[in-house]
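Asks: Structure below; questions to follow.
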Amino acid sequence: MSKLNLITKGFVKDNPTFVLLLGMCPTLATTTSAINGMSMGLATTFVLILSNMAISAIARFIPDKVRIPSYIVVIATFVTLLQFVMQAYVPSVYDTLGLFIPLIVVNCIVLGRAEAFANKNSVFDSALDGIGVGLGFTVSLTVLGLVREALGSGSAFGWKFMPGDGVLVFVLAPGAFLALAYLLVLFRKFIAKQ
Amino acid sequence: MVVALGSITLVCSALLGVMHEVTASPIEAAAKAKTQNAIAAVLPEFDSLSELKTCEYGSYYLASKDGEPVGVAVNSKSSGFGGNIKLMVGFHMDGRICNSQVLEHAETPGLGAKCTEESFAAQFRGFDPAVKKLSVSKDGGDVDAITASTITSRAYCVAVENAVKVFNTVVKEESSNE
């Protein structure tokens, strides 16, 4: 697989949100606005790249029986580091996302990439894989957040283009499922034809 | 097996310990700055602020200018629709509410979360609890509730009401000290 392919496959072929349907919890919970979706995506990307690299570096020293607990410890460490750093240096972002940051630990994408890719590929390739899948996740979450924000509050990235409220249900939990389902249909129909 | 897992957890916990040391003071500073900003937003102009004090109903800060007390900022909370709503409520010394600000809440986005918005919070500015009634108009009070979020609006009123209690206790204590 070419190096470029490693990055691009996260956007369409292996898109975590619209094709693999992994990491649904943060996807549904954080996409109340485009900014929130994007921040969550970027935070996950950061963890994904670092955990992929770390795991691919140490994978051959880990006995098979304890590999899942080991991966979780590594991932949880990076997530906690991220939480400390965000709390200290970008408290405003932490205020909106704080609740969801610990959820990155149980995000199946991170563990999924560790198990499916990082533990049998080189550190460099794993980093590229992390970038690709992470950015694919970020773009998906941003689009989903944008759709929900536009329909639900009549704004895009906080900029209001429509006076008053939109269809409020799209900002609430049921709207997350609805918007995700519509986007999933469109994505499968037009972009990822199989 | 034990060695591998043991050494991984050891390295990870050491890393976390170091990072905690590094970020502890910026985190504290950020939290302090947030409180300071909230106090500045809810009080009239002041030049010195007391430490956090507590009384039986809650905790508060005393603000003064040129040695004269000008206001009290009260930390208050009540339980809303999705969890606790924490407020900072500022009072003029005559008992009128100067301003209020939401410190923390978990209300529904698009509905109860509007309690952080100017259109709702503005009606508490200059509110005199001795003259007007601190509850939503549905309950016979003088506060306009947020549309479709009566529970949040009620909770906000309860939190402000608690703050009023703290303020009254504080005023009594301060005047008996003199």
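Sequence lines, in order, name chains A and B. Using our numbering, read the first sequence as starting at 1 and increasing by one per residue. Using our numbering, read the second sequence as starting at 1001 and increasing by one per residue. Backbone N, C-alpha and C define an ideal beta-carbon position, used for all residues, glycine too. All values reported here derive from a predicted model rather than from experimental measurement.
Report the rounded CA-to-CA distance for Val110/A versus Leu48/A, giving the unit in angstroms.
Replies: 6 Å
Asks: Closer than 7 Å by beta-carbon distance: list the chain E residues that pair up with Thr32/A, in chain order.
Replies: Here the protein chains are A and B, and chain E is not one of them.
Asks: Which residue or residues does DSSP assign as beta-bridge partners of Pro1069/B?
Replies: Its beta-bridge partners are Ser1064/B.
Asks: Does Ala1130/B come within less than 8 Å of chain A when only Cβ atoms are used?
Replies: no
Asks: Chain A beta carbons: is any one of them nearer than 8 Å to that of His1020/B?
Replies: His1020/B counts as touching chain A.
Asks: On the premise that Gly164/A lies in contact with Gly175/A, defined as a C-beta separation below 8 Å, what is that separation, rounded to the nearest angstrom?
Replies: The pair is not a contact, with the Cβ atoms about 17 Å apart (cut-off 8 Å).
Asks: Just the Cα atoms here: how many angstroms apart are Gly1058/B and Val105/A?
Replies: 37 Å
Asks: Just curious, the beta strand (DSSP E) that Leu1103/B is in, first and last residue?
Replies: Ile1097 to Glu1104
Asks: Could you check the C-alpha separation between Ala1038/B and Val185/A for me, to the nearest Å?
Replies: Straight-line Cα distance between these residues: approximately 45 Å.
Asks: Label Asp14/A either buried or exposed according to how many other C-beta atoms from any shown protein chain fall within 10 Å of its C-beta, with 16 as the threshold for buried.
Replies: buried
Asks: Considering only the beta carbon of each residue, do Thr45/A and Phe124/A sit closer than 8 Å?
Replies: The answer is no: Cβ separation not under 8 Å.
Asks: Roughly how many angstroms separate the alpha carbons of Lys1165/B and Ile7/A, rounded to a whole number?
Replies: 60 Å
Asks: Expressed to the nearest angstrom, what Euclidean distance is found between the alpha-carbon atoms of Lys1267/B and Asp95/A?
Replies: With chain B covering only 1001 through 1178, there is no way to say anything about residue 1267/B.
Asks: Report the three-state DSSP secondary structure of Gly1090/B (helix, strand or coil).
Replies: In the three-state reduction of the DSSP assignment, Gly1090/B falls in the strand class, which pools E and B.
Asks: Residues in the stretch 58–73 of chain A with C-beta within 8 Å of chain B's C-beta atoms, listed in sequence order?
Replies: Ile58, Phe61, Ile62, Pro63, Lys65, Val66, Pro69, Ser70 and Val73
Asks: Is the beta carbon of Ala43/A sitting closer than 8 Å to the one on Pro1026/B?
Replies: no
Asks: Hey, which unbroken runs of the alpha helix (DSSP H) at 4 residues or more fall wholly within the stretch 7–87 of chain A?
Replies: If we require 4 residues or more, the alpha helix (DSSP H) runs fully inside the stretch 7–87 of chain A come out as 24–30 and 34–58.
Asks: At 3 residues or longer, and completely inside the stretch 1126–1164 of chain B: list those beta strand (DSSP E) runs for me, N to C.
Replies: none
Asks: Beta-carbon within less than 7 Å of Leu168/A's beta-carbon, same chain only, minus the 5 sequence neighbours each way: which residues are those?
Replies: Non-local beta-carbon contacts of Leu168/A in its own chain, meaning distances under 7 Å to residues more than five positions away in sequence, involve Gly152 in chain order.
Asks: Helix, strand or coil for Ser1048/B? Go by DSSP, reduced to three states.
Replies: strand
Asks: Which of the three DSSP states is assigned to Thr1054/B in this structure?
Replies: Note: Thr1054/B maps to strand in three-state DSSP.
Asks: Using a Cβ cut-off of 8 Å, which residues of the stretch 159–189 of chain A contact any Cβ in chain B, in chain order?
Replies: Asp165, Leu168, Val171 and Leu172
Asks: Determine the closest residue to Gly158/A out of Asn36/A, Leu20/A, Phe11/A and Pro16/A, with distance taken between C-alpha atoms.
Replies: Asn36/A
Asks: Have a look at Ala1121/B and Cys1115/B and give me their C-alpha separation to the nearest angstrom.
Replies: 7 Å
Asks: How is the alpha helix (DSSP H) around Leu125/A delimited, first residue to last?
Replies: The sequence shown places Asp at residue 125/A, rather than the Leu named in the question. Segment Val123 to Ser153, the alpha helix (DSSP H) holding Asp125/A.
Asks: Using C-beta distances below 6 Å, list every residue in its chain close to Asp1142/B, excluding the 5 sequence neighbours before and after it, in chain order.
Replies: Lys1132 and Lys1133
Asks: Using Cβ-Cβ distances below 9 Å, what residues of the stretch 123–150 of chain A are close to chain B?
Replies: For the stretch 123–150 of chain A, which is checked against every Cβ of chain B, not one residue is closer than 9 Å.
Asks: Looking at the secondary structure, which residues open and close the alpha helix (DSSP H) in which Gly1112/B lies?
Replies: Premise fails: Gly1112/B is in no alpha helix (DSSP H) and is neither H nor E.
Asks: Give me the chain A residues within the contact set of Met1001/B, using Cβ-Cβ distance strictly less than 8 Å, ordered along the chain.
Replies: Pro63, Lys65 and Val66
Asks: What's the gap between the Cα of Thr30/A and the Cα of Ala1106/B?
Replies: 14 Å
Asks: Hey, quick one: how far does the alpha helix (DSSP H) through Gln1123/B stretch, first residue to last?
Replies: Here Gln1123/B belongs to no alpha helix (DSSP H), and DSSP marks it neither H nor E.
Asks: Helix, strand or coil: which one does DSSP assign to Val171/A?
Replies: coil
Asks: Considering only residues of the same chain and omitting the five flanking positions on each side of Thr1197/B, which have a CB-CB separation below 7 Å?
Replies: Absent from the structure is residue 1197/B, since the part of chain B shown begins at 1001 and ends at 1178.
Asks: Using a Cβ-Cβ distance cut-off of 8 Å, determine whether Cys1012/B contacts chain A.
Replies: yes
Asks: Going by DSSP, what residue range makes up the alpha helix (DSSP H) through Pro102/A?
Replies: Segment: none, Pro102/A is in no alpha helix (DSSP H) and carries neither H nor E.
Asks: In chain B, which residues lie with their C-beta within 7 Å of the C-beta of Val85/A?
Replies: Those are Thr1023, listed as they occur along chain B.
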